[in-house]
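Note sheet for the following structure.
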Amino acid sequence: MMFVTLYLSSSLLLALHALAAAASGAVDIAVYWGQNASEGTLGETCGTGLYTYVNLAFLSTFGASRAPLLNLAGHCDAASGACASLAADVASCQSAGIKVLLSIGGGATGGYNLSSPADAQAVAAYIWDSFLGGSAATPRPLGDAVLDGVDFDIEAPSPHYDDLARSLTSLFTNGDAAGRKKKYVLAAAPQCPFPDASLGTALGTGLFDRVWVQFYNNPPCQYASGGDVGGLRSAWEQWTASLPSATVFLGLPASPDAAGGGFVDAETLVSEVLPVVESAANFGGVMLWSRSYDKDSGFSVKLHGILQNRDDQAKVMALEMVRAKRNIGIGADTTSTYFAQWLYEHLDQFCDSISDIQHGFCSLSLAQHAADGASPQMTGAHGRSAIGSQFGGAVLDATVQGEATTTASRKSIM
Numbered sequence: 000m001m002f003v004t005l006y007l008s009s010s011l012l013l014a015l016h017a018l019a020a021a022a023s024g025a026v027d028i029a030v031y032w033g034q035n036a037s038e039g040t041l042g043e044t045c046g047t048g049l050y051t052y053v054n055l056a057f058l059s060t061f062g063a064s065r066a067p068l069l070n071l072a073g074h075c076d077a078a079s080g081a082c083a084s085l086a087a088d089v090a091s092c093q094s095a096g097i098k099v100l101l102s103i104g105g106g107a108t109g110g111y112n113l114s115s116p117a118d119a120q121a122v123a124a125y126i127w128d129s130f131l132g133g134s135a136a137t138p139r140p141l142g143d144a145v146l147d148g149v150d151f152d153i154e155a156p157s158p159h160y161d162d163l164a165r166s167l168t169s170l171f172t173n174g175d176a177a178g179r180k181k182k183y184v185l186a187a188a189p190q191c192p193f194p195d196a197s198l199g200t201a202l203g204t205g206l207f208d209r210v211w212v213q214f215y216n217n218p219p220c221q222y223a224s225g226g227d228v229g230g231l232r233s234a235w236e237q238w239t240a241s242l243p244s245a246t247v248f249l250g251l252p253a254s255p256d257a258a259g260g261g262f263v264d265a266e267t268l269v270s271e272v273l274p275v276v277e278s279a280a281n282f283g284g285v286m287l288w289s290r291s292y293d294k295d296s297g298f299s300v301k302l303h304g305i306l307q308n309r310d311d312q313a314k315v316m317a318l319e320m321v322r323a324k325r326n327i328g329i330g331a332d333t334t335s336t337y338f339a340q341w342l343y344e345h346l347d348q349f350c351d352s353i354s355d356i357q358h359g360f361c362s363l364s365l366a367q368h369a370a371d372g373a374s375p376q377m378t379g380a381h382g383r384s385a386i387g388s389q390f391g392g393a394v395l396d397a398t399v400q401g402e403a404t405t406t407a408s409r410k411s412i413m
């Protein structure tokens, strides 16, 4: 196993760290849990370490004088109080830094709608007291668990969800009876045709923190087999532009069986779709329907593995670029712009010299998003690192300014 040791300045190490984060960044994944007992427990789901958000699906009955009902399918019977045992699992998830949200609505039978602003306010009060920071409800369906927010998965057009969003936000802001305040998340899962027929008005309030847009079951805006990302790109740009204050996730089925269309395998997601969506400043990650399908297909495991490999290769590239700058004799009187130009003009030469990584990954990563014809950009988890400008300036110039005491080693990637 080969090791190459480079002596790097502290500023260079910081820049390399930034490049590594941008090159993969371990994309955050939100997942829906609760509609299939075979998916395992909530605690097991969080214990995988695969997810950042778990949406409990669903509060499927509410509004218009209906008795609210939490439907967690084969996991537990909320009406009998059996779901109170989930409090320990919720606490376990939260202790691991995972946000657990209550998802309301869904496509299953049960029935839900809001008949008036007052009805929306009443539903908000029920959710607050039963699942969040309120205390009026006794007993609470999930015991003493205090969830991290509410997700709107509204599949039937109905008015007053904007009123519900406002009422919940007001409760979030005011805090509990003791005046304690927690940062709650307000999320939504609209369909990808813009604007969404069910949630367009609610999203227009600008109150939502996380929006996982469902890019499936909608051929005009989902990924088309054969590599056509045109419809997805157009819809994605509309959604991200319309929600500047929200973090937007790409919603996908976790297997071909999870939806009627729109499945993208993990390899294609990384090579063809993520480059399209990552460039948005408010890109947040991927949402999957659902945990049961993900468990069966292993989709998120594959995705994390591919992204980790991409991260490792990007680190090797960064170190090799530092060495390349030295080897071609660029001195302190030359600029990073010059090196970016050299690199762009000698991609094959540079990439052929790195035996540790695939030539295709190297050349594609550097050339794919060339800016101004000379500043190759490396897109990443949040699409914010440019090799030609940020990397070329911060990392490569750092080597000219002088080597310090920190040692960095890189291991060949097998």
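With the first letter of the sequence shown counted as 1, position 3 gets the number 2 in numbering that gives the first Met the number 0; the numbers rise by one all the way through. Glycine is no exception: its CB is placed at the ideal position from the N, C-alpha and C atoms.
Three-state secondary structure assigned by DSSP to residue i
i: Gln348; result: helix
i: Lys98; result: strand
i: Val149; result: strand
i: Thr246; result: strand
i: Leu202; result: helix
i: Leu170; result: helix
i: Pro255; result: helix
i: Arg139; result: coil
i: Phe214; result: coil
i: Asn70; result: strand
i: Val26; result: coil
i: Arg165; result: helix
i: Gly104; result: strand
i: Arg179; result: coil
i: Leu306; result: helix
i: Leu49; result: coil
i: Asp208; result: coil
i: Leu85; result: helix
Contact under 9 Å by Cβ, residue i with residue j
i: Leu231; j: Ile28; result: no
i: Leu131; j: Val122; result: no
i: Ala78; j: Leu68; result: yes
i: Phe214; j: Ala187; result: no
i: Asp147; j: Val210; result: no
i: Trp288; j: Leu251; result: yes
i: Ala279; j: Glu236; result: yes
i: His74; j: Pro116; result: no
i: Val247; j: Trp238; result: yes
i: Thr40; j: Asp88; result: yes
i: Leu198; j: Pro192; result: no
i: Gly133; j: Leu170; result: yes
i: Met286; j: Tyr111; result: no
i: Asp152; j: Asn54; result: yes
Whole-Å CB distance - residue i paired with residue j, under 8 Å assumed
i: Ser102; j: Ala135; result: With 8 Å as the limit, Ser102 and Ala135 do not qualify as a contact, their Cβ atoms being about 22 Å apart.
i: Ala245; j: Phe298; result: The Cβ separation is near 24 Å, so there is no contact.
i: Asp161; j: Gly203; result: 7 Å
i: Ser59; j: Ala107; result: 6 Å
i: Gly261; j: Tyr222; result: 6 Å
i: Ser91; j: Gly42; result: 5 Å
i: Gly104; j: Glu154; result: 6 Å
i: Ala176; j: Asn216; result: Between Asn216 and Ala176 the Cβ distance is about 42 Å, and since that is not below 8 Å, they are no contact.
CA-to-CA distance, residue j to residue i, given in whole angstroms
i: Lys180; j: Asn281; result: 26 Å
i: Tyr125; j: Tyr183; result: 16 Å
i: Thr172; j: Asp351; result: 56 Å
i: Ala72; j: Arg139; result: 18 Å
i: Val26; j: Leu167; result: 28 Å
i: Pro274; j: Thr267; result: 10 Å
i: Gly304; j: Gln312; result: 12 Å
i: Asp295; j: Ala36; result: 13 Å
i: Asp76; j: Gly225; result: 44 Å
i: Leu242; j: Ala164; result: 15 Å
i: Phe349; j: Gln307; result: 23 Å
i: Asp310; j: Arg290; result: 25 Å
i: Phe415; j: Pro219; result: Any property of residue 415 remains undetermined from this structure, which presents the chain solely from 0 to 413.
i: Pro156; j: Val212; result: 16 Å
i: Ala66; j: Ala81; result: 17 Å
i: Gly283; j: Val276; result: 10 Å
Opposing strand residues paired with residue i [DSSP bridges]
i: Phe262; result: Partner(s): none; Phe262 has no beta bridge.
i: Phe282; result: Val247
i: Tyr31; result: Asn54
i: Asp76; result: Asn70
i: Ala227; result: In the sequence as displayed, the identity of residue 227 is Asp instead of Ala. The partner list for Asp227 (beta bridge, DSSP) reads Ala223.
i: Tyr111; result: Phe61
i: Gln190; result: Gln213
i: Val184; result: Gly148
i: Trp235; result: According to DSSP, which records beta bridges pairwise, Trp235 is partnered with nothing at all.
i: Leu287; result: Val30, Leu251
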